[in-house]
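S.K.: So that we are looking at the same thing, I have put the structure below in structure tokens.
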Amino acid sequence: ARASGALALAGRKLRELPVESYAPTPDDLEESEKFWEIVELKSFDCSHNLLDELPSDWRALSTLRQLRVARNALCTLPEALLSDLPALELLDAGDNQLRCLPPIPAQGCALKTLLAPRNALTKMERWNIQECSNLETLSLSDNEQLQALPPLPKLLRALDVEHCSLHHLEAPQFLETLAAARNQLQAVDVGGLQRLKYLDLRQNGLGPNYQVPSLPALAELFLGHNSLSTFDLKPSPALTMVEVASNALK
Numbered sequence: 523a524r525a526s527g528a529l530a531l532a533g534r535k536l537r538e539l540p541v542e543s544y545a546p547t548p549d550d551l552e553e554s555e556k557f558w559e560i561v562e563l564k565s566f567d568c569s570h571n572l573l574d575e576l577p578s579d580w581r582a583l584s585t586l587r588q589l590r591v592a593r594n595a596l597c598t599l600p601e602a603l604l605s606d607l608p609a610l611e612l613l614d615a616g617d618n619q620l621r622c623l624p625p626i627p628a629q630g631c632a633l634k635t636l637l638a639p640r641n642a643l644t645k646m647e648r649w650n651i652q653e654c655s656n657l658e659t660l661s662l663s664d665n666e667q668l669q670a671l672p673p674l675p676k677l678l679r680a681l682d683v684e685h686c687s688l689h690h691l692e693a694p695q696f697l698e699t700l701a702a703a704r705n706q707l708q709a710v711d712v713g714g715l716q717r718l719k720y721l722d723l724r725q726n727g728l729g730p731n732y733q734v735p736s737l738p739a740l741a742e743l744f745l746g747h748n749s750l751s752t753f754d755l756k757p758s759p760a761l762t763m764v765e766v767a768s769n770a771l772k
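Set out below in structure tokens:
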């Protein structure tokens with residue numbers, strides 16, 4: 523790790539993270555190692571362990587760009603995690619027991635990908651994720667009690683909220699992928715999503731008159747298992763897949 527800048531501790535059955543593993547000091551070095559030859563740590567994978575908490579202070583790893591803590595037993599993440607890691611671009615916290623996600627610091631953050639599927643997230647209206655202006659990919663799927671989302675970053679490209687309990691969804695205008703199957707949505711306004719390529723709204727509560735407007739980039743559309751009674755979508759050169767099975771089409 524000190525030579526490559528990547529530390530892999532996945533699948534070690536760890537219950538805590540040893541300090542020397544992520545914050546080396548001159549006292550931690552072996553005789554053959556030189557402190558000035560150590561590469562700054564940029565990737566840290568401690569997924570698939572037995573961790574129920576993380577260290578509260580991550581400032582020693584301020585150059586970290588990727589952090590993977592998925593498949594542990596975490597109920598919370600450190601409050602100052604994103605403040606301590608201003609260069610972090612990827613955070614994978616899926617398959618835990620998280621009830622909330624850390625706030626975005628006032629100065630913003632570098633996050634481009636945030637993955638938190640299969641947790642215990644509920645209402646998140648006050649989560650200030652909108653301040654994360656670089657975020658491109660957000661996955662919150664399979665948080666079955668998640669009822670509402672906060673305002674989302676304007677430049678978000680991919681959103682996965684499949685199998686939640688959402689009643690309302692406002693899609694950012696630059697979305698290219700929207701996966702929102704298995705919710706409780708009665709309608710989703712996608713009229714302004716000119717870059718949208720993939721739309722999945724299966725198994726929701728879409729009403730009889732819900733229609734998807736013609737979108738120039740749309741390639742795959744899934745509307746099955748709803749209550750649609752009509753379906754009228756103009757052909758598009760980009761459109762390669764349309765699925766509307768198990769509706770009440772006339």
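Read left to right, the sequence shown gives residues 523 to 772 (this note's numbering). Ideal Cβ positions, reconstructed from N, Cα and C, are used throughout, including at glycine.
(1) Per DSSP, which one or two residues make a beta bridge with M763?
(2) With a Cβ-Cβ cutoff of 9 Å, do V712 and V734 count as a contact?
(3) Starting from the C-beta of L715, find all residues in its chain whose C-beta is less than 7 Å away, skip the five residues before and the five after it, and write them out in chain order.
(4) Pull up the distance between the alpha-carbon of H690 and that of E562, whole angstroms please.
(5) Jot down the residue ranges of each uninterrupted beta strand (DSSP E) in the stretch 577-651, minimum 3 residues, whole runs only, in chain order.
(6) Within 10 angstroms of the Cβ of P759, are there 16 or more other Cβ atoms? Answer buried if so, exposed if not.
(7) In angstroms, rounded to a whole number, what distance separates the CA positions of L604 and Y732?
(8) Please classify Q725 as buried or exposed, where buried requires at least 16 neighbouring CB atoms within 10 angstroms.
(9) Buried or exposed for L529, going by 16 or more other Cβ atoms inside 10 Å?
(10) Are the CB atoms of S565 and R587 within a distance shorter than 9 Å?
(11) Determine the direct distance from the alpha carbon of A702 to that of L620, and round the result to whole angstroms.
(12) How many whole angstroms separate the CB atoms of L572 and L536, which I take to be in contact at a CB cut-off of 8 Å?
(13) Is R590 closer than 9 Å to L610 when the C-beta atoms are compared?
(14) The beta strand (DSSP E) that contains S565, what's its start and end?
(15) Excluding sequence positions up to five away, which residues of its chain have a Cβ less than 8 Å from the Cβ of L539?
M.R.: Taking the geometry as given:
(1) As a first step, residue 763 is located in the sequence shown; it is residue number 241 there, counting from the start. DSSP, once it has assigned bridges, lists E742 as partnering M763.
(2) Working through the sequence shown from its first residue, we reach residue 712 at position 190. Working through the sequence shown from its first residue, we reach residue 734 at position 212. Against a cut-off of 9 Å, the Cβ pair of V734 and V712 comes out as a contact.
(3) To locate residue 715, count along the sequence shown from 1; it is residue 193. Cβ neighbours of L715 beyond the five flanking positions: A693, Q695, L697 and L737.
(4) Taking the sequence shown and counting its residues from 1, the one referred to as residue 690 is at position 168. Taking the sequence shown and counting its residues from 1, the one referred to as residue 562 is at position 40. Near 43 Å, if we compare the C-alpha coordinates of E562 and H690.
(5) 588-590, 612-614 and 635-637
(6) Numbered from 1 along the sequence shown, position 237 holds the residue referred to as residue 759. With fewer than 16 other Cβ atoms inside 10 Å of its own Cβ, P759 counts as exposed.
(7) Numbered from its first residue, the sequence shown carries residue 604 at position 82. Numbered from its first residue, the sequence shown carries residue 732 at position 210. The alpha-carbon atoms of L604 and Y732 are separated by roughly 40 Å.
(8) Locating residue 725 in the sequence shown gives position 203, where the first residue counts as 1. Per the 10 Å Cβ criterion, buried.
(9) Here residue 529 is taken as the residue at index 7 of the sequence shown, counted from 1. It counts as buried.
(10) Mapped onto the sequence shown, residue 587 falls at position 65. Mapped onto the sequence shown, residue 565 falls at position 43. Against a cut-off of 9 Å, the Cβ pair of S565 and R587 comes out as a contact.
(11) For the purposes of this step, residue 620 is identified with residue 98 of the sequence shown, where counting begins at 1. For the purposes of this step, residue 702 is identified with residue 180 of the sequence shown, where counting begins at 1. Roughly 20 Å separates the two Cα atoms.
(12) By one-based count along the sequence shown, residue 572 stands at place 50. By one-based count along the sequence shown, residue 536 stands at place 14. The pair is a contact, with the Cβ atoms about 6 Å apart (cut-off 8 Å).
(13) Position 88 of the sequence shown, counted from the start, is the residue given in the question as residue 610. Position 68 of the sequence shown, counted from the start, is the residue given in the question as residue 590. Their beta carbons are not under 9 Å apart, which means L610 does not touch R590 by this criterion.
(14) As a first step, residue 565 is located in the sequence shown; it is residue number 43 there, counting from the start. S565 to D567 is the extent of the beta strand (DSSP E) around S565.
(15) Translated into positions along the sequence shown, residue 539 becomes position 17. Only L531, C568, L573, L576 and P577 meet the Cβ criterion.
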